Amino acid sequence: MYASDKYLKGKVPAKAVDDVSFDIYEGEVLGIVGESGSGKSVTAYSITRLIPDPPGKIVAGEVIYGGKDLLKLSYEDMQAIRGKDISMIFQEPMTSLNPVMKIGDQITEVILNHEKMSNDEAFGKGVEMLRLVGIPAPDKRMKDYPHQFSGGMRQRVMIAMALACNPALLIADEPTTALDVTIQAQILELMLKLKNERKEAAILLITHNLGVVAETCHRVIVMYGGKIQEVADVDDLFGKPFHPYTTGLLESLPDPDKPSDTLQAIPGMIPHILELPKGCKFCTRCVKAFDKCFEVEPELREIEKDHFVRCHLFDNPEYLNSLHYES
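Position one of the sequence shown corresponds to residue 18 (the working numbering), numbered consecutively onward.
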């Protein structure tokens with residue numbers, strides 16, 4: 018990945034995502050959380066090979082789906098997988114939908130690219146998909162343009178397009194960004210409802226909203242500085258967070274049972290991608306950091322069953338026993 022810097026002439030290489038490795042299983046909802054700039058969206062775009070080159074580039078690694086490495090497929094073979102086997106809902110539906118094409122044309126284009134059916138059959142399936150996502154008068158709305166839909170309705174259209182070919186993996190990149198709270202709830206409920214009707218389908222949910230993660234995900238990945246910092250089942254992560262960054266995120270949430278409490282903010286700002294520290298990427302903001310944290314990058318390791326963390330504090334076997342959590 019390349020990033021320009023006003024203090025440097027030209028461009029210098031910067032790792033937007035580094036050493037990120039995880040599995041996602043059939044029927045699972047896996048969440049990726051972290052602040053803006055932590056590498057969540059770059060991870061998603063890498064899976065689908067949608068990183069714009071330039072300025073970005075996938076320089077190493079593999080993405081295994083169905084026994085194949087997606088990074089080694091030809092452009093045509095990858096096109097056949099996108100939209101059919103792996104679909105994506107993007108952050109901003111207004112910029113993701115073509116403003117000068119009717120909604121129906123955009124949905125049927127996806128269907129015709131992957132399914133053997135006539136134009137009329139594809140149009141009929143598009144109508145059914147709009148009905149499925151709760152858009153009234155779907156046959157009429159197929160003839161409308163994106164600007165004739167509200168933000169929530171546009172996001173429903175994006176979901177309809179993403180699910181039109183019954184994908185095995187749905188990647189949702191901040192699917193409720195900039196939507197009203199009530200609309201957010203409706204969109205998330207809709208995604209889960211449609212997933213439950215397809216028992217083997219999996220969802221990779223990228224968000225900074227921990228409340229959404231708590232309600233929807235089975236497992237959670239916490240990212241910071243382009244690296245995975247913690248991985249755990251959702252109940253373990255919220256009930257027993259290990260990484261100081263995860264703890265900071267959770268402590269920054271308002272507690273409805275303690276409305277008078279002051280919110281605990283994480284000190285400092287996430288570093289520029291060209292100024293990430295040599296050791297732990299969180300060390301410049303961590304209140305528990307010590308000398309080793311600034312010099313040596315910690316490994317991601319399993320501390321308890323299926324609970325992984327990247328932190329030098331766990332070099333001391335007694336540290337885990339010193340942690341105290343409210344019930």
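Glycine is no exception: its CB is placed at the ideal position from the N, C-alpha and C atoms. Source: prediction; values computed, not measured.
Integer-rounded CB distance, given that residue 249 should sit under 8 angstroms from residue 236: On the sequence shown, residue 236 is found 219 positions in, with the first residue counted as 1. On the sequence shown, residue 249 is found 232 positions in, with the first residue counted as 1. Correct: roughly 7 angstroms between the Cβ atoms.
The beta strand (DSSP E) with residue 236 in it runs from where to where? Translated into positions along the sequence shown, residue 236 becomes position 219. Unbroken beta strand (DSSP E) run through residue 236: 236-241.
Quick check: the Cα distance between residue 221 and residue 70, rounded to an integer number of angstroms? On the sequence shown, position 204 is the one that residue 221 refers to. On the sequence shown, position 53 is the one that residue 70 refers to. Their Cα atoms are separated by approximately 24 angstroms.
Check whether the segment 250-260 touches the segment 285-292, counting contact only when three or more Cβ pairs, one atom from each stretch, lie closer than 8 angstroms. Flag = no, the segment 250-260 and the segment 285-292 do not touch.
Measuring CB to CB, does residue 179 end up less than 8 angstroms from residue 104? For the purposes of this step, residue 179 is taken as the residue at position 162 of the sequence shown. For the purposes of this step, residue 104 is taken as the residue at position 87 of the sequence shown. Yes; because the gap between Cβ atoms is below 8 angstroms, this pair is in contact.
Going by the beta-carbon positions, is the gap between residue 142 and residue 128 smaller than 8 angstroms? Numbered from 1 along the sequence shown, position 125 holds the residue referred to as residue 142. Numbered from 1 along the sequence shown, position 111 holds the residue referred to as residue 128. Cβ distance < 8 angstroms, so residue 142 and residue 128 count as in contact.
When DSSP labels each residue in this structure, what does residue 347 get in the three-state scheme? Any question about residue 347 goes unanswered here, given that the chain covers just 18 to 344.
Using the beta-carbon count (16 or more within 10 Å), is residue 79 buried or exposed? Start at 1 with the first residue of the sequence shown, and residue 79 comes out as number 62. The residue in question, residue 79, is exposed, as its Cβ has fewer than 16 Cβ neighbours within 10 Å.
Please give the ranges of any beta strand (DSSP E) in the segment 42-122, keeping only runs that are unbroken, at least 3 residues long and fully inside the region. You should have 46-50 and 103-106.
If you check the beta carbons only, do residue 233 and residue 266 fall under 8 angstroms apart? On the sequence shown, residue 233 is found 216 positions in, with the first residue counted as 1. On the sequence shown, residue 266 is found 249 positions in, with the first residue counted as 1. Taking a C-beta distance under 8 angstroms as the contact criterion, residue 233 and residue 266 do not qualify as a contact pair.
For residue 189, tell me which candidate among 209, 131, 86 and 182 has the shortest Cα-Cα distance. Within the sequence shown, the letter at position 172 stands for residue 189. Of 209, 131, 86 and 182, the residue nearest in Cα terms is 209.
Of the choices 101, 61, 47 and 33, whose alpha-carbon is the least far from that of residue 72? Looking up residue 72 in the sequence shown gives position 55. Ranking the options by Cα distance to residue 72, first place goes to 33.
Which residue from 279, 226, 292 and 273 puts its Cα closest to that of residue 263? Indexing the sequence shown from 1 puts residue 263 at position 246. The candidate whose alpha carbon is nearest that of residue 263 is 226.
Cβ contact (3+ pairs, closer than 8 angstroms) linking the segment 192-200 and the segment 165-172: Segment contact: the segment 192-200 against the segment 165-172, three or more CB-CB distances shorter than 8 angstroms; contact assigned.
Can you check whether the CB of residue 311 is closer than 8 angstroms to the CB of residue 317? Taking the sequence shown and counting its residues from 1, the one referred to as residue 317 is at position 300. Taking the sequence shown and counting its residues from 1, the one referred to as residue 311 is at position 294. Contact flag unset, no.
Could you have a look at residue 325 and say whether DSSP puts it in helix, strand or coil? One-based indexing of the sequence shown puts residue 325 at position 308. If DSSP states are grouped into helix, strand and coil, residue 325 belongs with the strands.
Residue 81 classed as buried or exposed, judged by whether at least 16 other C-beta atoms fall within 10 angstroms: Residue mapping note: residue 81 aligns to position 64 of the sequence shown, counting from 1. By the neighbour-count rule (16 or more Cβ atoms within 10 Å), residue 81 is not buried but exposed.
Mind checking whether residue 240 and residue 84 have CB atoms under 8 angstroms apart? One-based indexing of the sequence shown puts residue 240 at position 223. One-based indexing of the sequence shown puts residue 84 at position 67. No, they are not a contact pair.
Are the segment 133-150 and the segment 160-167 touching, with three or more C-beta to C-beta distances below 8 angstroms? No, the segment 133-150 is not in contact with the segment 160-167.
Tell me the residue span of the alpha helix (DSSP H) that contains residue 248. Locating residue 248 in the sequence shown gives position 231, where the first residue counts as 1. Counting along the chain, no alpha helix (DSSP H) covers residue 248; the unbroken beta strand (DSSP E) around it starts and ends at 244-250.
Let me know the secondary structure DSSP gives residue 258 once reduced to three states. Stepping through the sequence shown from its first residue, residue 258 is reached at position 241. Of the three classes helix, strand and coil, the one that applies to residue 258 here is coil, per DSSP.
Residue 155, buried or exposed, once every other Cβ within 10 Å from all chains shown has been counted against 16: Along the sequence shown, one-based indexing puts residue 155 at 138. The residue in question, residue 155, is buried, as its Cβ has 16 or more Cβ neighbours within 10 Å.
Using the C-alpha atoms, what's the distance from residue 327 back to residue 260? One-based indexing of the sequence shown puts residue 260 at position 243. One-based indexing of the sequence shown puts residue 327 at position 310. Residue 260 and residue 327 have their C-alpha atoms roughly 7 angstroms apart.
Note down the Cα distance separating residue 25 from residue 291, rounded to an integer number of angstroms. For the purposes of this step, residue 25 is taken as residue 8 along the sequence shown, with counting starting at 1. For the purposes of this step, residue 291 is taken as residue 274 along the sequence shown, with counting starting at 1. In this prediction, residue 25 has a pLDDT of 45, which is less than 50 and means its spatial position is unreliable; what the coordinates show is noted afterwards. In a straight line, the C-alpha of residue 25 is about 10 angstroms away from that of residue 291.
Tell me the residue span of the beta strand (DSSP E) that contains residue 189. Mapped onto the sequence shown, residue 189 falls at position 172. That run of the beta strand (DSSP E) goes 186-190.
In angstroms with no decimal places, state the Cα-to-Cα distance between residue 337 and residue 331. Counting from 1 along the sequence shown, the entry for residue 337 is found at position 320. Counting from 1 along the sequence shown, the entry for residue 331 is found at position 314. About 7 angstroms.
Which residues DSSP lists as bridging residue 319, in chain order: Locating residue 319 in the sequence shown gives position 302, counting from the first residue. For residue 319, which the question treats as bridged, DSSP gives the partners 325.
So, is residue 150 buried or exposed, given that buried needs 16 or more other C-beta atoms within 10 angstroms? Position 133 of the sequence shown, counting from 1, holds the residue named residue 150. The residue is buried, with at least 16 neighbouring Cβ atoms inside 10 Å.
For residue 181, which residues of its own chain have a beta-carbon under 6 angstroms away from its beta-carbon, when the five flanking residues on both sides are left out? Numbered from its first residue, the sequence shown carries residue 181 at position 164. Contacts found: 127, 128 and 146.
Return helix, strand or coil for residue 30, following the three-state DSSP convention. Here residue 30 refers to the residue found at position 13 when the sequence shown is read from its first residue. Strand at residue 30.
Name the two residues that bound the continuous alpha helix (DSSP H) containing residue 296. Against the sequence shown, residue 296 aligns to sequence position 279. Residue 296: not part of any alpha helix (DSSP H); DSSP gives it neither H nor E.
Which residues in the same chain as residue 306 place their Cβ atom closer than 6 angstroms to its Cβ, once the five residues preceding and following it in sequence are excluded? For the purposes of this step, residue 306 is taken as the residue at position 289 of the sequence shown. Apart from the 5 residues on each side of it in sequence, residue 306 sits with its Cβ closer than 6 angstroms to the Cβ of 300 in its chain, given in chain order.
Leaving out the 5 sequence neighbours to the left and right, which residues in its chain are closer than 6 angstroms to residue 37 when beta-carbon positions are compared? On the sequence shown, residue 37 is found 20 positions in, with the first residue counted as 1. The beta carbon of residue 37 sits closer than 6 angstroms to those of 60 and 245, all from its chain and outside the five residues before and after it, given in chain order.
Alpha carbons only, please: which of 160, 109 and 66 is nearest the one belonging to residue 124? What you label residue 124 is simply residue 107 of the sequence shown in a count that begins at 1. With distances taken between CA atoms, residue 124 lies nearest to 160 out of 160, 109 and 66.
Below-8 angstroms beta-carbon distance, residue 93 vs any chain E residue: This model lacks chain E altogether, as it is built from one protein chain only.
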